[in-house]
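**Student:** If you scroll down you'll find the structure; I have some questions about it.
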Amino acid sequence: MLDIHYIRENVEELKKNILNRGLDSKIWDVGKLLELDKKRVGLIQQIEEVRAERNRMAEEIKDQISKIKDTDQSSKIEGDNIDKQRLSSEIIEQGRRLKDQIKELEVQLGQISHEWQGLMDLMPNIVSSQMPIGKSSADNCEIKIWGEKKKLDFKLHDHLSIGKSLDLIDTEKAAKVSGSRFYFLKNEAVLMQFGLFNLMLNKLVKAGFTPITTPCLVREKAMYGTGYFPGERDQIYKIEKSNVEEGNELYLTGTSEQAIISFEMDTMFDESELPKKYVGYSTCFRSEAGSWGKDTKGIKRVHQFDKVEMIYFTTPETSQKYMQEALGFEEEILQELNLPYHIIDMCTGDVGLSTHRKFDVEVWLPSQNEYMEVQSNSDLGQYHSRRLNIKYRKKDGSLDFVHTISATGVTNTRPIAAILDNYQKADGSVEVPQVLRSFVGKDIITPRII
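For the sequence shown, the UniProt record's numbering gives the first residue as 1, with consecutive numbering after it.
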């Protein structure tokens with residue numbers, strides 16, 4: 001969420017930001033927001049003025065009561081039994097009118113504030129001046145290439161064909177059990193999964209990250225606080241609240257970011273505590289609404305997967321530095337796996353509303369002759385911290401909101417797909433990457449003899 005003071009003072013910049021993102025200015029209507037804001041502030045001032053007048057009238061009534069007590073000792077005036085007919089009927093009536101006026105103004109304020117908040121929630125984060133301006137993925141910029149694309153001189157198979165032949169992946173039985181876009185990992189694929197997670201966790205813990213596991217179910221506040229609501233409800237699975245303690249509506253997390261950033265809601269850091277770094281492990285759930293019919297084969301785009309995630313809480317001045325640090329960790333794991341990749345600087349029209357800046361890391365798939373995204377890395381600015389009230393106290397004693405960074409460490413699906421694709425051999429076997437051999441217990445995965 002943006003600061004309303006910033007919006008008032010930077011109207012043209014916000015309009016330009018909406019234009020650069022390719023958003024519809026009729027929906028992301030800055031003019032309407034400012035109009036509602038003016039009405040909202042005016043109503044707040046009116047209510048305060050009327051309330052002050054009512055308080056003054058109450059004091060005047062008290063004074064009259066005091067005078068009655070002083071001039072008529074024979075009258076027993078106590079609490080609600082005061083002889084109101086001895087008071088000025090005009091003052092009492094005016095007090096009633098003021099009370100009714102406050103109620104009416106508060107109803108108006110509630111309606112205006114609801115509409116105002118709805119537009120405030122829609123307003124996108126200000127993108128970095130370093131971000132490429134563009135409309136779609138076609139305008140993203142390749143900023144780095146690493147590794148040599150393998151030249152395999154035999155008929156190539158995709159990861160699902162390989163996974164089936166080596167008894168590593170079963171999507172057919174998963175479809176019977178759970179439906180489309182689900183899978184079973186088996187045998188060496190499971191060992192590779194936990195090898196990947198161990199490598200990344202050990203690397204990040206040694207680098208000073210606090211390891212954390214998270215709930216897979218969170219309240220609406222966490223989804224709103226991390227920018228997924230109100231805009232991305234169709235991507236989130238909701239749990240029926242009739243079977244939930246306390247009757248709360250709960251949602252399945254699509255990333256541990258939603259839980260870990262919310263973990264620090266209402267926190268006041270000292271500047272000396274920053275950056276605060278977490279490495280989270282969680283199972284992630286995504287409806288993939290809008291992606292139906294895309295990447296339906298295999299385990300590239302699924303409803304459930306496991307992930308190791310990096311979360312940073314930083315000062316505004318250091319967030320870009322730590323975004324680059326996270327990118328370095330992402331590159332390290334891919335280089336250790338010897339998977340060719342490139343890094344994409346995402347353009348303004350291809351990022352979410354919460355994003356200040358974003359990089360994607362994509363791995364080369366020989367069988368598809370294309371790259372596949374395996375990691376993302378986002379500087380979210382103060383967008384989440386304002387919603388969740390996460391602040392820090394500067395050295396000079398002043399307060400500010402932290403910046404948050406969310407970056408993929410490694411998942412269990414796409415990296416395994418990339419390994420099978422890149423390490424396949426002509427005889428149908430798959431070589432195990434050197435760094436995973438101690439976890440898998442072998443160098444080569446061969447077809448099973450039944």
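We put the CB at the ideal spot given by N, CA and C, even for glycine. Small disclaimer: the values here were computed from a predicted structure and weren't measured.
1. Assuming residue 144 contacts residue 343 under a Cβ cut-off of 8 Å, what Cβ separation, rounded to an integer in Å, is found between them?
2. Where does residue 67 sit, in a helix, a strand or coil, going by DSSP?
3. Exposed or buried, residue 268, counting other C-beta atoms within 10 Å across all chains shown (16 or more means buried)?
4. Need the endpoints of the beta strand (DSSP E) that residue 305 sits in, please.
5. Could you name the residues of the same chain whose beta carbon sits closer than 8 Å to that of residue 134, not counting the 5 residues immediately before and after it, in chain order?
6. Output needed for residue 380: all residues of its chain with C-beta closer than 8 Å, excluding positions within five of it in sequence on either side, in chain order.
7. Can you check the region 115-148 for any beta strand (DSSP E) of at least 3 residues that lies completely inside it and give the ranges in chain order?
8. Closest by CA to residue 211, which one among 136, 229, 307 and 298?
9. Could you have a look at residue 348 and say whether DSSP puts it in helix, strand or coil?
10. Could you tell me how far apart the beta carbons of residue 519 and residue 102 are, in whole angstroms, since I believe they sit closer than 8 Å?
11. Closest to residue 433 by CA distance: which of 189, 317 and 361 is it?
12. Work out the CA separation of residue 100 and residue 320 for me, nearest whole Å.
13. Could you tell me which uninterrupted beta strand (DSSP E) segments, each at least 3 residues in length, are contained entirely in the region 334-379, listed from first to last along the chain?
14. Would you report the Cα separation of residue 77 and residue 65, rounded to the nearest angstrom?
15. Considering only the alpha carbon of each residue, which of 384, 428, 315 and 334 lies closest to residue 393?
16. Is the distance from the Cβ of residue 430 to the Cβ of residue 420 below 7 Å?
17. How close, in whole Å, do the beta carbons of residue 452 and residue 191 come, if the pair is a contact with beta carbons under 8 Å?
18. Quick one: residues in its chain with C-beta nearer than 6 Å to the C-beta of residue 213, no 5 flanking neighbours on either side, listed in chain order?
19. Find out if the Cβ-Cβ distance for the pair residue 368, residue 330 is shorter than 7 Å.
20. Whether or not the region 268-277 and the region 235-249 are in contact is what I'm after, with contact meaning three or more pairs of Cβ atoms, one per stretch, closer than 8 Å; do they touch?
21. Need the endpoints of the beta strand (DSSP E) that residue 221 sits in, please.
22. Which ranges does the beta strand (DSSP E) cover as unbroken runs of at least 3 residues, wholly within the region 195-275, from first to last along the chain?
23. Where residue 238 and residue 256 are concerned, what is the direct C-alpha to C-alpha distance, given to the nearest angstrom?
24. In the DSSP assignment, find the beta strand (DSSP E) that holds residue 426 and state where it starts and stops.
25. Between 377, 9, 373 and 253, which lies nearest to residue 311 when the distance is taken from Cα to Cα?
26. Can you list, in chain order, the residues of its chain with a C-beta nearer than 8 Å to that of residue 443? Leave out the 5 residues immediately preceding and following it.
27. By DSSP's criteria, residue 277 is part of a beta bridge. Which residues make up the other side?
28. Could you tell me the distance, in whole angstroms, from the CA atom of residue 439 to the CA atom of residue 165?
29. So, using beta-carbon positions, are residue 224 and residue 236 closer together than 7 Å?
30. CA-CA distance, residue 56 and residue 39?
31. With a CB to CB cut of under 7 Å and the five nearest residues on each side skipped, what residues in its chain are close to residue 148?
32. Please report how far the alpha carbon of residue 345 lies from the alpha carbon of residue 129, in whole angstroms.
33. Scan the region 396-425 and note each continuous alpha helix (DSSP H) run of 4 residues or more that stays entirely inside, going in chain order.
34. Check whether the Cβ atoms of residue 93 and residue 36 lie closer than 7 Å to each other.
35. Determine the contact status of residue 48 and residue 98, defining contact as a CB-CB distance below 7 Å.
**Tutor:** In short:
1. 4 Å
2. helix
3. exposed
4. 304-314
5. 140, 347, 348, 349 and 350
6. 125, 227, 354, 355, 356, 403, 404, 405 and 406
7. 141-146
8. 307
9. helix
10. This structure gives no information on residue 519, because the portion of the chain shown stretches from 1 to 450.
11. 189
12. 53 Å
13. 341-345, 357-365 and 370-379
14. Summary for residue 77: the model assigns pLDDT 48, below 50, so the residue's position carries little reliability, and this model does not support an answer.
15. 315
16. yes
17. Because the chain is modelled from 1 through 450, residue 452 falls outside the range shown and cannot be assessed.
18. 281
19. no
20. no
21. Counting along the chain, residue 221 falls outside any beta strand (DSSP E), though it belongs to the alpha helix (DSSP H) covering 220-225.
22. 210-213, 217-219, 250-252 and 268-270
23. 16 Å
24. Residue 426 -> no beta strand (DSSP E), and no H or E assigned at all.
25. 377
26. 431, 432 and 437
27. 312
28. 21 Å
29. no
30. 26 Å
31. 340
32. 12 Å
33. 414-422
34. no
35. no
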